[in-house]
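Worksheet: one structure, shown below.
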Amino acid sequence: MTVETGPVSSQLLELQIIDQQIRAIQDRVESFQGQLEAVEEPAMQLAEEVAATETRVRDLKLEERRLRLAAEDKRLRVQRLEERLNLVKTVREEAAVQAELGLLRRALDQEEHEVISLLDQIGRLEERLDDQRAGMEEARSAVVPKKEEIRAKQEAIRTEAAELELRRGLFAEGIDRRYLAVYEGLAKGGRKVAVAAMTDDGACGACFSLIPLQLQNEIRSTGRLVSCEACGVIVTAPPDVVPDELPEPANKT
Ligand SMILES: [Zn+2]
């Protein structure tokens, strides 16, 4: 592609700047998506903590109930043994009942201690649960306004993007279609740079490969556009050499 052109080089360079701005704005719109997800995070984490504490409290309550029933059962047995003690007829029989009673009372004592310790743990966990639930509610109530704030910013940026895309469309309409097609082809291929000005020392402004001397001269003198042989981008004259006075292409739309 070595067709003589007028201001098409600066048009393409400007189009590229607009496209870069559009990409930057689209990145910003996307970054808000991540922010929206991050806003949920603290409340979700606190909800997990609440659920874990609830499970622990439930388990401890079951354990406490089991021990309490076991203790009640032992208390009844102690009572029956004490009644039997009043009815014993021999010293040997009394000694046997006393021994059993001693064992049973120690076991009962042990269980009662455990019940008290469990009730204490449950009480402290329930207090923690209250705090955790309050924290979770607070975090949850902050989610909606934060999301609205982020969405409002996102919406403003979307509007900005739409305006820019509109401007880009109008601007592109003014560019010679042949060059525009080459530019679009390069840009759609995923390149960040589709058009670059030649450097002062005659290299491609994108990949810095040296451009053949004869072509360099033509680029400088006529403002001709060329494809870089190394990387394929459209190479224009250096910005200060872009010859505004050159005639525009015949088929310019
Ligand atoms: Zn190149």
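Residue 204 in the numbering used here sits at position 157 of the sequence shown; the count goes up by one each step and never skips. For every residue, glycine included, the Cβ atom is placed at its ideal position computed from N, Cα and C.
Residue i to residue j span [Cα, whole Å]
i, j, result
"Val280", "Ala208", "26 Å"
"Ala189", "Gly237", "40 Å"
"Asp223", "Arg198", "39 Å"
"Asn133", "Glu161", "31 Å"
"Asp248", "Leu60", "19 Å"
"Ala118", "Leu176", "28 Å"
"Gln58", "Ile69", "16 Å"
"Val138", "Ile169", "46 Å"
"Pro286", "Leu83", "42 Å"
"Phe79", "Gln201", "6 Å"
"Arg180", "Leu109", "22 Å"
"Leu227", "Ala234", "10 Å"
"Ser274", "Gln67", "21 Å"
"Gln263", "Val55", "18 Å"
"Ile163", "Leu116", "13 Å"
"Lys239", "Lys194", "32 Å"
"Thr52", "Ala203", "Its pLDDT being 42, under 50, Thr52 is placed unreliably in this model, and the coordinates cannot settle the point."
"Glu159", "Leu114", "8 Å"
"Thr283", "Gly232", "17 Å"
"Arg171", "Leu107", "12 Å"
"Thr49", "Leu217", "Because the pLDDT at Thr49 is just 40, under 50, the model does not fix this residue reliably, and the point stays unresolved."
"Gly182", "Ala85", "17 Å"
Residues bridged to residue i (per DSSP)
i, result
"Thr283", "Ala244"
"Leu257", "Ala250"
"Ser188", "Beta-bridge pairing links Ser188 to no other residue."
"Val273", "Val282"
beta-carbon residue i near ligand 3 non-hydrogen atom, thresh 8 Å
i, result
"Arg175", "Absence of ligand 3 is noted for the structure shown, with ligand 1 being the only ligands found."
**Request:** Quick one: residues with CB closer than 6 Å to any heavy atom of ligand 1, in chain order, please.
**Result:** Cys251, Ala253, Cys254, Ser256, Cys275, Ala277, Cys278 and Val280
**Request:** Would you check if there are 3 or more beta carbon pairs closer than 8 Å linking the region 242–256 to the region 59–75?
**Result:** yes
**Request:** Examine the Cβ distances between the region 93–101 and the region 119–133 and report whether three or more of them are shorter than 8 Å.
**Result:** no
**Prompt:** Per the contact definition of three or more C-beta pairs closer than 8 Å, is the region 118–127 in contact with the region 139–151?
**Reply:** yes
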